[in-house]
Amino acid sequence: MFRFLRRLKKPLPPPEPGSSPEALWHADFSSMEASRFECIDEDRYATRTNDGELVLELRRASLFAWTDAGDYRYADASIEAEIGFGPAGPLRSAGLLLRKASDSSFLYVLVSSDGATRMDLVFNGEPRVIVPWIDCPWAVGSQSIVLSLVSRGPRFVVLINGRFAFEAEDDSLGTGTVAFAAQSYEEPASLYLTSFSIDSRPIEAESDYIRFTRILVADSDQRRRLAEGLFGQGYFVAALVQLRKIADRGDIAAQDRFLEAECLLRLELLDEAAAAIDACLQIDPGYEQAIEERYNILYLKGDYARLRESLEADPARLASSPRLANLLGHAHYNQGSWTKAATAYGNAAENDPQMPIYARNKAMALENSADLVAASGAWLMAAKGFYEHEAWDEASDCSQRLRERGFDKSVLASLDGMIAYGRGDTKTAKATLARLWKSKRIDAPASYVYGLILTREGKRMEATEAFKHATALEPERAIYRYRLAEALFLSGQDCEHELALALKAAPQDGWTLNLAGQTALAAGKTALASTYFTKAVAALPLEAVPAINLSQAYTSAGLHDEAIRHLGDWPQRSAAAANRLGNALAAAGRIEEAASAYEKACTMDISGDDEDADPLEYRVNLAAALLELGELSRAEESLRKVLEHREDARALLLMGDIVSQYGDLGRAEMAYRSALEIEPRNIAAMKRLANHYLFRNRYQRAESMAERLSALDPVAAAALRATIHEATTQNLACSLCGTSWELPLPVPAVPRSRLKGEPDDDSPAGSCPDCGKVYCVACRKHELSEGRFTCPECSSRLNLNDDRVRWVVLERIKASEAGRLPF
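Under our numbering, the residue at position 277 of the sequence shown is numbered 1551, and the numbers go up by one with no gaps.
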């Protein structure tokens, strides 16, 4: 008996890994081993424990990562996690992975640092939103949040700081592991798990579920936020459930009844929707949206006579609402009153020209009334409207209708060309618009689009002419003037006049301000450029380009700290901005930091914001920084990756520099020459090759480089020639008067023949065999000894045994003979 009681007191063995325990577990964050969470340390993210907390460090922006809490699998459970966000900063979020079957199938709940929460499913790698971001106003500003979650079967209830946040239902996954998850957005982030517990005991989990769903009072405003979020996601039944729960509490408001009607409409429950609209108007008779929706329900139910009568009895509202005017058109149209329908549709189109469907409705009514001329005008208006809204299929349909009615072919060709461009069919668009351009029948919008196509092909001069034509036809369109100014600038022409007109037409347009900054920077007006770029940054806060250009302007002005500071957090989000940061740091002499920035630019994903990004250029910049730091092997590896994809002159020059340091002069010369073949006017390549030839004593080849340089950089060519001259010549001078003679280096072999005749005064008289000094004829001809020149210091006879002296004398004699000068 006592042996049996002892067995009862004996602790139960821990559950097997991979099993589904029914137990209460509190995580111990004294160490990673004790925490049961996965220990990770890689380039993207890492986990560690610190001061009793689990830290999930996301080392990159836009990263979603997690750390598993062991191998145990859970279904019904009550989970509580206290999450810390750290000091105030950029947006980040953290939460839990639930029922994780694999790395590609799991549920997850996140809480953001600005007090919002959501729930998603990832099934076989395909994500699906279950609950979109729902604000929790009571959690705003909290540096730590308690996330409580209870699951029972397919149902989930989530609390934030003890208050109802949302409830959801999904039966995709039945059981799975749990993990702590985090998401960074614009910048890397560190998230903290201060405490964590899972209670999977059936009675306790069921008790928490009942307490959360039946005893805890859910705030009606939060259910309202949840209903709106679910409606926006298209979950109309789920949104209705929340609205009915609000109604059950007696907190229903007019906006709730209206949202209920919208859900019912989308579920095609027209009678129930009409009842909800009536209930809404009982609460608030002046609810304008509900009044309009009541008219819409009459249309959907096909009660055209009542719809027409009701609208005509409400002329003030009808005159102020394009939507109601369109509904009146529907009523007349379905009763066969084509002219009245066209008039109503026309009123709607006139009051809201941004809705091309009104113009299309008008065109259809006019066709039925046999007014084909007016119908064509309406079809054209609709086509242009759909084009502006990038509704390519609808625009194409309108064009086809016009073509069937024999409308002007040039107008339709123009429209079809622009639609093709909008769809991405540049080949068709160019062919269509080129024919119009050649026949001189192209209109302003088509000419503008044609200019865009030519610009993408690098045909800047032709693009400029197209933009000029568009501007001439519609001078008031600011976008046309901007594009013309940009084309002139990019083609190296004067754009000041067009830029001034573009700024006048749209003084707050960010891209026009950015172009003004570029022109000022190109002219060396860095202060003015900075002013324009600053305005462009304010006008385009979601674009990296103005911030990058502003940084460039500060670098050009020598304001390196400003250049770095004004990039803000763009280097964390944009590869081009990270590269610009590298340039700014390099200009400031911070080469090691510059290399890190370039490396980041090379590894970042290229997004739509970086459409002009050039990762290969960033690799070349990285190689240049590494070369300056003396890391030759890493620099060479970076350049190899560039040259595997394209022939790049700058990469070849740097590769030549690297192999030169290795001592491989042959490969260096080959690299420099290849760079010059790619870019025959590349001054840097000419200089590198000239210096290479000088180092190897190939002076004739160096001189050929000087010849090529003279047309591009006369100063550099002159300096190169001076260097060649210095390397290939030497001077010999008279020790008394300083008369000097230039001779080649090395001195060519000179025959030892006996010289006859009287040399001229500025010719060398000879050199002293004892002291080695050289004298000219003019200085020694008056102190001859036995008819021979002598050294004034040593009294020794001068001779011509020095090859240098003999070469100069012979060259003087040759010059005298050529000029028939007597000795």
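All C-beta atoms in this analysis are idealised placements derived from N, C-alpha and C, irrespective of residue type, glycine included.
Predicted model only: the values in this text are computed from it and were never measured.
- The alpha-carbon separation between R1734 and M1629 amounts to approximately 35 Å.
- The three-state reading of DSSP puts F1303 in coil, since its state is none of H, G, I, E or B.
- Between L1465 and A1593 a beta carbon distance of about 56 Å is seen, past the 8 Å cut, so the two are scored as non-contacting.
- When DSSP reads this structure, Y1319 sits in a beta bridge with L1332.
- In this structure, S1378 sits away from G1344, with a CB-CB distance that is not shorter than 7 Å.
- Non-local C-beta neighbours of K1915 in its own chain, meaning closer than 7 Å and more than five positions away in sequence, comprise R1893, ordered along the chain.
- Contact check for W1299 against I1404 fails: the beta carbons are separated by 7 Å or more.
- Distance from the CA atom of A1599 to the CA atom of L1555, rounded to whole angstroms, is 21 Å.
- DSSP lists no bridge partner for P1820.
- Ranking D1444, R1531 and I1477 by CA distance to the CA of Y1509 puts D1444 first.
- Counting C-beta pairs closer than 8 Å gives three or more between the region 1743 to 1754 and the region 1712 to 1731, which meets the contact rule.
- Boundaries around M1393 are those of the beta strand (DSSP E), A1390 to F1397, since no alpha helix (DSSP H) includes it.
- In the pairwise beta carbon analysis, the region 1313 to 1332 is classified as touching the region 1442 to 1456: at least three pairs are separated by under 8 Å.
- Taking the C-beta atoms as reference points, S1948 is found no nearer than 7 Å to L1917.
- In this structure, L2058 and C2065 do not form a Cβ contact; the two beta carbons are roughly 12 Å apart against a cut-off of 8 Å.
- Shown here for L1646: same chain residues with a beta carbon closer than 8 Å to its own, the five before and five after excluded, namely L1640 and R1679 in chain order.
- Between A1776 and the set W1785, L1789, E1760 and Y1756, the nearest pair of CA atoms involves Y1756.
- Taking a 10 Å sphere around the C-beta of T2003, we find fewer than 16 other C-beta atoms and assign the residue as exposed.
- For Y1754, the enclosing alpha helix (DSSP H) covers residues A1752 to L1764.
- In the same chain as R2086, and ignoring 5 residues on each side of it, the C-beta atoms closer than 6 Å to its own belong to S2037, in chain order.
- Within the region 1849 to 1913, the runs of alpha helix (DSSP H) that reach at least 4 residues and sit entirely inside it are, in chain order, 1849 to 1861, 1865 to 1877 and 1889 to 1902.
- When C-beta atoms of the region 1349 to 1357 are compared with those of the region 1488 to 1505, fewer than three pairs fall below 8 Å, so the two segments do not count as touching.
- Within the region 2008 to 2060, the runs of beta strand (DSSP E) at least 3 residues long that lie entirely inside it are, in chain order, 2014 to 2018, 2038 to 2041 and 2048 to 2050.
- Taking the C-beta atoms as reference points, S1309 is found nearer than 7 Å to A1301.
- Apart from the 5 residues on each side of it in sequence, D2035 sits with its Cβ closer than 6 Å to the Cβ of V2051 and A2052 in its chain, given in chain order.
- Relative to S1848, the option among S1336, Y1346 and W1407 whose CA is nearest is S1336.
- Distance from the CA atom of L1574 to the CA atom of S1386, rounded to whole angstroms, is 41 Å.
- Taking one beta carbon from each stretch, the region 1689 to 1696 and the region 1662 to 1672 have 3 or more pairs nearer than 8 Å; the two touch.
- Bounds of any alpha helix (DSSP H) do not take in Q1457; it lies within the beta strand (DSSP E) bounded by T1451 to S1458.
- Judged by DSSP in its simplified three-state form, V1405 adopts strand.
- Shown here for K1809: same chain residues with a beta carbon closer than 7 Å to its own, the five before and five after excluded, namely L1787 in chain order.
- T1793 and A1803 have their C-alpha atoms spaced approximately 8 Å apart.
- Taken atom to atom, the span from the alpha-carbon of P2025 to that of R2078 is near 12 Å.
- K1374 carries a strand assignment under DSSP once its states are collapsed to helix, strand and coil.
- The beta carbon of A1869 sits closer than 7 Å to the beta carbons of L1896, A1899, L1900 and L1903 from its chain, once the five residues preceding and following it are set aside; these are given in chain order.
- Taking the Cα positions, A1652 is about 17 Å away from H1663.
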